[in-house]
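If you count the sequence shown from 1, you need to add 42 to reach our numbering.
For every residue, glycine included, the Cβ atom is placed at its ideal position computed from N, Cα and C.
All values reported here derive from a predicted model rather than from experimental measurement.
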Amino acid sequence: MKDVTLLKGMFYDSQMKGKEYLLFLDVDRLLAPCYEAVSQTPKKPRYGGWEAKEIAGHSIGHWLSAASAMYQASGDEKLKRKAEYAVNELSHIQQFDEEGYISGFSRACFDEVFSGDFRVDHFSLGGSWVPWYSLHKLFAGLIDTYRLTGNQTALRVVVKLADWAKKGLDRLTDEQFQRMLICEHGGMNEAMADLYILTKNKSYLDLAERFCHRAILQPLAEGKDELEGKHANTQIPKVIGAAKLYDITGNEAYRNPALFFWEQVVYQRSYAIGGNSIGEHFGAEGSEELGVTTAETCNTYNMLKLTGHLFRWFHEARFTDYYENALYNHILSSQDPESGMKTYFVSTQPGHFKVYCSPEDSFWCCTGTGMENPARYTQNIYHLDQDDLYVNLFIPSQINVREKQMIITQETSFPAANKTKLVVKKADGVPMTLQIRIPYWTNGSLKAVVNGKRVQSVEKNGYLAIHKHWNTGDCIEIDLPMKLHIYQAKDDPKKSV
């Protein structure tokens, strides 16, 4: 992501609007629940909305992930300094708990869990509202701050937090652990897998595997769809974590459920815009019920993360076709272009409207992922695999292919125009194959012209391959013929768009 920058266009404008909100937020107010959780007086009062409830503290985690990614995307030092201040404050707060616990709520719920005799249901654990879900955001935020800004204090804080978690969880039998996972727990398996990658401490990998919820992943591995009625965004992060574990271990038991889950959600339970769920829950296979509370934005944020894994495994255009549809029609449209505020749901009810969060009194889950989305626009525009550079999305941007000492810019006004142009800004006889996605919506094959000459190319997995030794000044012009088509709902052909 650090080697791709956006150029002027609607994604750049949206990214800058998202950055404004990150700079607007007061870190001391986001940190207030963390001070209160260890019986300390915060520097400023906490925000309202969900930050005034038991789930408090999730927003500082989201903010850290968003600010760190936005710093990498924009180079804005103000964001880096704010993130550094937030991490230093969290390190200070952590000193008030002898075990290294830190969050936006009391650790009493975890003390109950670690005893082995605990209360649990789908959204409550130890008497607290989804504590692992909320804590996962802090894990992810600290990990991202270390990875994207190089902040060593962030790594020390998150390792100490992980060691607290491992010490307590080691007391649980496998049966008790799996019972604990009945409650929504975010992407704790992914967070622990990421910590293993960063530290090479195998105990974190072991914990990542323990955090895999067998009641969900095992049926998926067997090709059984038992998703109906389940809370959608509880399940998606579990599958992302499994995908991350496949990346690490190569164990097919982690890859198979990820692919099957993706297919069942995308082909059987998604709306025209790429979003899924109604009232936050999955419907039956093939259902596409319209309503006001459809297409929770967090779900699509996570489905794009999962799709990125699948594309890197298979290099098939069906994954980037979905990614493009959901990115443009759900994620990009979920942020108000004027205020920068975020949606929770995107209504599919005819004649309805969008509802955006407020700047200081909402802090929904989708406010948090909505903070992160704009900085992530550069992800998956391109993908380098040895000598193949995949051009997945048609977004004005520049990529620095450091491995090849090559810089390419993409100039386009898509979707207002049905063409894009790739210009090699730096290269000296670099042998490489450009793989250009052939979108499902094109009317026939793409037309590719290199330096004014039509080229014969090879098509595979929905990509058009152009191989040559590239030099500075080379220009690739791609025509993207558009075809008007009607989308019909899976459960009723009379519902169409």
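According to DSSP, residues forming a beta bridge with residue i
{"i": "threonine 451", "result": "Gln440 and Val465"}
{"i": "isoleucine 290", "result": "Partner(s): none; isoleucine 290 has no beta bridge."}
{"i": "tryptophan 512", "result": "Val472"}
{"i": "phenylalanine 387", "result": "Glu338"}
{"i": "valine 491", "result": "Arg496 and Glu519"}
{"i": "threonine 484", "result": "Met524"}
{"i": "glutamine 530", "result": "Ser538"}
{"i": "leucine 48", "result": "Ser439"}
{"i": "leucine 431", "result": "Leu426 and Leu476"}
{"i": "glutamine 57", "result": "Answer is none; glutamine 57 lacks a bridge partner."}
{"i": "glutamine 421", "result": "Its beta-bridge partners do not exist; DSSP assigns none."}
{"i": "glutamine 377", "result": "Lys384"}
Rounded C-alpha distance that separates residue i from residue j
{"i": "lysine 510", "j": "asparagine 485", "result": "26 Å"}
{"i": "leucine 348", "j": "isoleucine 290", "result": "15 Å"}
{"i": "glycine 412", "j": "isoleucine 520", "result": "32 Å"}
{"i": "leucine 542", "j": "phenylalanine 387", "result": "Only positions 43 to 539 of the chain appear in this structure, which leaves residue 542 out of reach."}
{"i": "valine 492", "j": "tyrosine 424", "result": "19 Å"}
{"i": "alanine 108", "j": "asparagine 341", "result": "17 Å"}
{"i": "histidine 351", "j": "aspartate 427", "result": "13 Å"}
{"i": "phenylalanine 456", "j": "aspartate 163", "result": "47 Å"}
{"i": "asparagine 460", "j": "threonine 362", "result": "18 Å"}
{"i": "arginine 252", "j": "glycine 292", "result": "17 Å"}
{"i": "leucine 237", "j": "tryptophan 206", "result": "14 Å"}
{"i": "valine 281", "j": "leucine 431", "result": "27 Å"}
{"i": "lysine 59", "j": "leucine 121", "result": "14 Å"}
{"i": "alanine 284", "j": "lysine 384", "result": "28 Å"}
{"i": "asparagine 545", "j": "asparagine 193", "result": "Residue numbering for the chain in the displayed model covers 43 to 539; residue 545 lies beyond these limits and cannot be assessed."}
{"i": "glycine 228", "j": "glutamate 453", "result": "38 Å"}
{"i": "proline 473", "j": "glutamate 445", "result": "12 Å"}
{"i": "phenylalanine 436", "j": "lysine 61", "result": "22 Å"}
Coil, strand or helix - residue i by DSSP
{"i": "histidine 227", "result": "coil"}
{"i": "serine 157", "result": "coil"}
{"i": "glutamate 322", "result": "coil"}
{"i": "serine 166", "result": "strand"}
{"i": "threonine 195", "result": "helix"}
{"i": "arginine 149", "result": "coil"}
{"i": "alanine 108", "result": "helix"}
{"i": "alanine 507", "result": "strand"}
{"i": "lysine 502", "result": "strand"}
{"i": "threonine 241", "result": "helix"}
{"i": "histidine 394", "result": "coil"}
{"i": "isoleucine 478", "result": "strand"}
{"i": "serine 312", "result": "strand"}
{"i": "tryptophan 174", "result": "helix"}
{"i": "glutamine 137", "result": "coil"}
{"i": "glutamine 114", "result": "helix"}
{"i": "glutamine 218", "result": "helix"}
{"i": "glutamine 306", "result": "helix"}
{"i": "threonine 83", "result": "coil"}
{"i": "leucine 332", "result": "coil"}
{"i": "cysteine 399", "result": "coil"}
{"i": "glutamate 96", "result": "coil"}
Contacting residues, own chain, Cβ-Cβ under 8 Å from residue i (five flanking each side not counted)
{"i": "leucine 82", "result": "Per the sequence shown, residue 82 should be read as glutamine rather than leucine. Around glutamine 82: Ile135 and Phe138."}
{"i": "glutamine 57", "result": "Leu48, Met112, Ala115, Ser116, Pro416, Ala417 and Tyr419"}
{"i": "isoleucine 144", "result": "Cys76, Ala79, Val80, Leu132, Ile135, Gln136, Leu180, Val199 and Leu203"}
{"i": "glycine 158", "result": "Arg213, Leu214, Thr215 and Gln218"}
Residues near residue i by beta carbon distance below 7 Å, same chain, minus five either side
{"i": "proline 31", "result": "Lying outside 43 to 539, the shown extent of the chain, residue 31 is not represented and no answer is given."}
{"i": "aspartate 212", "result": "none"}
{"i": "glycine 410", "result": "His100, Ser101, His104 and Lys179"}
{"i": "alanine 94", "result": "Arg88"}
{"i": "proline 535", "result": "none"}
{"i": "isoleucine 258", "result": "Gln277 and Lys280"}
{"i": "lysine 85", "result": "Asp70"}
{"i": "proline 299", "result": "Leu259, Leu262, Ala263, Val281 and Ala284"}
Cutoff 6 Å; reference residue i; Cβ partners in own chain excluding five residues on either side
{"i": "glycine 51", "result": "Pro438"}
{"i": "serine 544", "result": "This structure leaves residue 544 out entirely; the chain is present only between 43 and 539."}
{"i": "lysine 286", "result": "Glu232 and Ala235"}
Enumerated in chain order, which unbroken segments of the alpha helix (DSSP H) with a length of 4 residues or greater are wholly contained in the region 339-374? 339-356 and 359-368
Along the chain, which unbroken stretches of the alpha helix (DSSP H) at least 4 residues long are found entirely within the region 256-292? 256-263 and 274-291
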